[in-house]
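*Asks:* First residue of the sequence shown: 3, per the numbering used here; consecutive thereafter.
C-beta: ideal position from N, C-alpha, C; glycine also.
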Amino acid sequence: MLVSSGKDITERQDLFAVRACVLAFAVMLGGCSASEIVENWTHSPSVSDLSEPDYRRIVAANIKAIFPGEAATSDLEISGVRLVDHLKGPAWLTCLKLDAHGKPQQYAIFIQADKIIASREGIVIDQCYKQSYTPLDIAAATAAKKPAR
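(1) Excluding the 5 residues preceding and the 5 following I60 in the sequence, name in chain order all residues of the same chain whose CB lies nearer than 7 Å to its CB.
(2) Is K66 helix, strand or coil by DSSP?
(3) From D77 to F69, what distance separates their C-alpha atoms?
(4) Mapping the DSSP letters down to three states, classify D87 as helix, strand or coil.
(5) Going by other Cβ atoms of all chains shown within 10 Å of its Cβ, with 16 needed for buried, is R14 buried or exposed?
(6) According to DSSP, is A110 part of a helix, a strand, or is it coil?
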């Protein structure tokens with residue numbers, strides 16, 4: 003018969019307490035993250051509600067918000083638009099490419115309901131590097147009429 007000392011029992015209790023705290027912490031963090039995802043999922047537009055936006059006009063009209071304080075309005079190129087899954091629900095993704103001092107940079111722009119919901123420097127998952135680009139004339143795109151609803 004194996005006899006446990008008081009020290010062994012105390013060590014096991016301490017180990018159990020640490021595991022319980024780690025588990026409780028993981029559940030709390032998971033709950034916080036899941037609540038935002040569920041909230042965005044239940045309030046986001048469905049795919050059928052998302053008709054293809056006039057993305058060139060939307061991007062051109064919001065170029066100063068995308069690139070605040072930068073003179074990035076010249077030599078901009080834009081890709082086509084495609085439907086993607088975003089944390090805020092289905093969204094249209096277009097990519098911008100600009101030549102920053104001889105070093106091309108790509109930006110991902112996410113659009114829902116004729117509004118930009120997010121923008122960031124393009125990352126691999128955005129696949130901006132795979133897109134075909136055409137010049138974006140800010141003045142011409144801004145002058146395009148917003149569709150009547």
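*Replies:* For this structure:
(1) Walking along the sequence shown from the start, residue 60 turns up at place 58. So the list reads I113, D116 and I118, once near-sequence residues are dropped.
(2) Taking the first residue of the sequence shown as position 1, residue 66 is located at position 64. K66: helix per DSSP, three-state reduction.
(3) Within the sequence shown, numbered from 1, the residue matching residue 77 stands at position 75. Within the sequence shown, numbered from 1, the residue matching residue 69 stands at position 67. Their backbone Cα atoms lie some 14 Å apart in a straight line.
(4) Translated into positions along the sequence shown, residue 87 becomes position 85. DSSP places D87 in strand when its eight states are reduced to three.
(5) As a first step, residue 14 must be located in the sequence shown, where it is residue number 12. That one is exposed.
(6) In the sequence shown, residue 110 corresponds to position 108, counting from 1. It is a strand residue.
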